[in-house]
Structure formats: structure tokens, C-alpha cells
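Data block below; observations after.
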Amino acid sequence: MALYFDHRLEAPDSVGPPSHISWHPVHPLLAVASVGTTLRGSVDVYLEQGEHVPDMHIERSFQVISLSWHPTRLILAVGWETGEVTVFNKQEKEQYVLPLTHTADVTVLKWSPSGSCLVSGDRLGVLLLWKLDQRGRVQGAPLLKHEYAQHLTHCIFRLPPPGEDLVQLAKAAVSGDEKALDMFNWRKSGFGSLLRMGSQEGLSFFVSLVDGTVHHVDEKGKTTWTAAVDGSVQTLFYMEEREALVVVTESLLLSLYMVTPEGEAKEMMKVFWQRGLTKGE
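This note's numbering puts the first residue of the sequence shown at 42, with every later residue one more than the last.
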């Protein structure tokens with residue numbers, strides 16, 4: 042049986058109503074974007090019991106549109122309505138602003154699985170892929186740029202299934218091979234990076250547009266149409282073990298696609314989630 046506890050955020054008096062939230066995937070940190078009384082935008086960070094982190098406050102004279110945590114590090118990317126993208130490094134207490142390339146709301150921000158790259162996309166359909174160093178500083182011009190001419194809504198990276206070497210290593214570990222077991226015990230051996238080899242560096246991903254279409258961008262930067270659903274996309278999931286893409290719309294239509302290595306998709310299932318009935322219906 043699961044137990045849940047709620048904690049009120051200890052927000053400063055100057056913080057307005059929240060507009061966006063984002064939990065860090067590893068650390069117990071919650072980023073909260075707020076809108077001030079003068080329509081100024083700000084971002085504050087809180088611990089898991091609601092305590093305010095005083096040295097992680099970002100504020101601008103415009104509003105926050107998107108938030109994205111680095112997959113492992115204490116680095117937060119913030120997209121603003123002006124097209125600015127800010128990267129905040131908590132450990133170094135530094136802020137970096139990416140070159141101003143977007144001219145509209147930054148509606149999509151997504152780190153690559155390894156945290157070495159960041160995808161940014163805006164309301165006008167401009168998509169960029171940036172290379173960043175370990176501190177969150179951009180490294181040169183964007184690696185790629187695409188223009189879809191429509192509002193970008195979501196992005197998800199595609200992780201290929203484990204390679205044959207890793208599969209064989211897993212089988213050896215199950216059979217009791219001590220060396221294989223030690224290699225999986227990264228805290229003991231330092232070989233944890235092996236579990237992330239190759240796949241974690243993949244730069245293949247899917248993006249969705251406001252019209253319900255989904256596009257695939259491969260490792261070479263080529264973009265192709267993948268699928269289309271009725272209505273705006275609410276979220277995307279990718280199941281690497283089955284090489285399947287799940288698309289959920291705002292009307293709760295769930296579509297499952299099997300994806301080829303080239304990014305082509307075949308629809309396998311489509312189902313509506315029924316909303317719960319309220320009392321009296």
C-alpha cells in the first residue's frame with residue numbers, strides 16, 4: 042500500500058501563481074515557474090518537502106514557457122516567451138544564455154539522454170539541436186536546424202535497444218559470471234558507463250506539431266514525417282525495448298506505432314481512454 046504526503050511550497054512572498062513545474066529525474070528538486078503581478082516571469086527551485094532553494098532564482102521581464110532538467114546534473118534549461126533559452130548551473134551558480142535564434146515562445150526543450158545536447162523548438166516551428174559542455178555552456182552554432190512552419194509541442198529521444206555485446210554480458214551475469222556481475226555493479230567497478238554505451242549518445246528523436254503530426258529526426262539530422270493523429274498531441278512515449286512510439290492526444294486517444302530504424306511507423310493499436318464519470322452522471 043502506497044502512502045503519500047503533501048507539502049506546501051515555502052515560496053517567497055514575491056512569487057506569483059505557478060505556470061509550469063518540472064521534477065529533476067534524479068535529484069529531489071522541483072523547478073516552478075511563476076507569473077508575477079507585473080507579468081514578469083521567474084523560476085524557483087524547491088526541495089522535496091517544499092523548502093525553497095535560495096540560490097536558484099531566475100527572473101526576467103517576460104514569462105516562462107518551458108522547463109527542462111539535465112538528466113543527471115543540477116542544470117536547468119528555461120525557455121522564455123521572447124525566444125531566449127537560459128541554462129542555469131546550480132553547482133557553479135552560473136547562468137548561460139544560448140545565442141538568440143528563436144523569435145517566438147520556446148515551447149519545446151529536451152535534453153539528450155547523455156545530457157550533451159539540448160533540443161529547443163518554438164511556436165513558429167523552428168527546431169534547433171545544441172551541443173553543450175558539462176557545465177551547460179553552448180559549444181558553437183546549432184548542430185542542426187529545421188523549420189516546420191507550425192507550433193512545436195513535444196519532443197522525445199529515441200533510444201535503440203541494447204547492443205548484442207550488452208545482451209551477452211547480461212546473460213553471462215545471470216549465469217553467475219563474476220566479471221560480468223562486477224561490470225554491472227558500477228558502484229564497485231566503475232564500469233557503469235558500459236550500460237549507457239552508444240544508446241545514451243544517440244541523437245535520434247521525435248517531435249510533434251500542433252496539427253497532430255509527428256516527425257522523426259535521425260542521427261544524421263534528416264527529418265521525415267512519421268505519423269499523424271486527430272487533434273493536438275498531449276504527450277509522447279518511446280519504448281526502446283519494443284521500438285514502439287506511443288502518441289496520446291488531448292482527447293485521450295492513444296495510438297501505438299512500431300518504428301523502423303529509418304523512423305517509419307506502422308500503427309498497431311488505437312484506443313480511447315475513458316474519462317471518469319463524476320457523481321450524478
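Heads up, the beta-carbon is just placed ideally off N, CA and C, and yes, glycines get one too.
This one's a predicted model, so the numbers in the text were calculated from it and none came from an experiment.
Limits of the unbroken beta strand (DSSP E) element including residue i
i: residue 295; result: 294–300
i: residue 268; result: 264–269
i: residue 163; result: 158–163
i: residue 92; result: Here residue 92 belongs to no beta strand (DSSP E), and DSSP marks it neither H nor E.
i: residue 288; result: 285–290
i: residue 249; result: 246–250
i: residue 276; result: 274–280
i: residue 168; result: 167–172
i: residue 255; result: 254–258
i: residue 186; result: 185–188
Residue i versus the options, residue with shortest Cα-Cα distance
i: residue 141; options: 112, 133, 113, 171; result: 171
i: residue 79; options: 70, 73, 295, 58; result: 58
i: residue 95; options: 67, 124, 55; result: 55
i: residue 49; options: 267, 92, 70; result: 92
i: residue 281; options: 193, 74, 154, 76; result: 154
i: residue 252; options: 269, 148, 246; result: 269
i: residue 101; options: 309, 292, 77, 111; result: 77
i: residue 116; options: 289, 124, 128; result: 128
i: residue 66; options: 86, 111, 298, 286; result: 111
i: residue 99; options: 156, 249, 136; result: 136
i: residue 295; options: 89, 285, 196; result: 285
Same chain only: Cβ atoms within 8 angstroms of residue i, ignoring 5 sequence neighbours per side
i: residue 205; result: Its pLDDT being 44, under 50, residue 205 is placed unreliably in this model, and the coordinates cannot settle the point.
i: residue 62; result: 71, 72, 73, 74, 108
i: residue 190; result: 165, 166
Close beta carbons around residue i, own chain, < 6 angstroms, minus the five adjacent residues each side
i: residue 179; result: 139, 171, 173
i: residue 238; result: Caution is warranted here: a pLDDT of 35 is assigned to residue 238, below 50, making its placement in the model unreliable, and no coordinate value can be reported.
i: residue 194; result: 249, 251, 274
Assigned exposure category for residue i - 16 Cβ within 10 Å defines buried
i: residue 262; result: exposed
i: residue 319; result: At residue 319, the pLDDT of 42 sits below 50, so the modelled position is not reliable; the number obtained from the coordinates is stated separately. It is exposed - the Cβ of residue 319 has fewer than 16 other Cβ atoms within 10 Å.
i: residue 311; result: exposed
i: residue 121; result: buried
Nonlocal neighbours in the same chain, by C-beta distance under 7 angstroms from residue i, ignoring five residues either side
i: residue 266; result: 254, 256
i: residue 133; result: 176
i: residue 304; result: 257, 259, 265, 267
i: residue 146; result: 106, 122, 163, 164
Closer than 9 angstroms to chain D by CB, residue i
i: residue 85; result: Here chain D cannot be found, since the structure has a single protein chain.
>> Threshold first: 3 residues or longer. Then list the beta strand (DSSP E) segments lying entirely within the stretch 54–128, N to C.
In response: Those beta strand (DSSP E) runs which fall completely within the stretch 54–128 and span 3+ residues are 59–64, 70–76, 82–88, 93–101, 105–110, 116–121.
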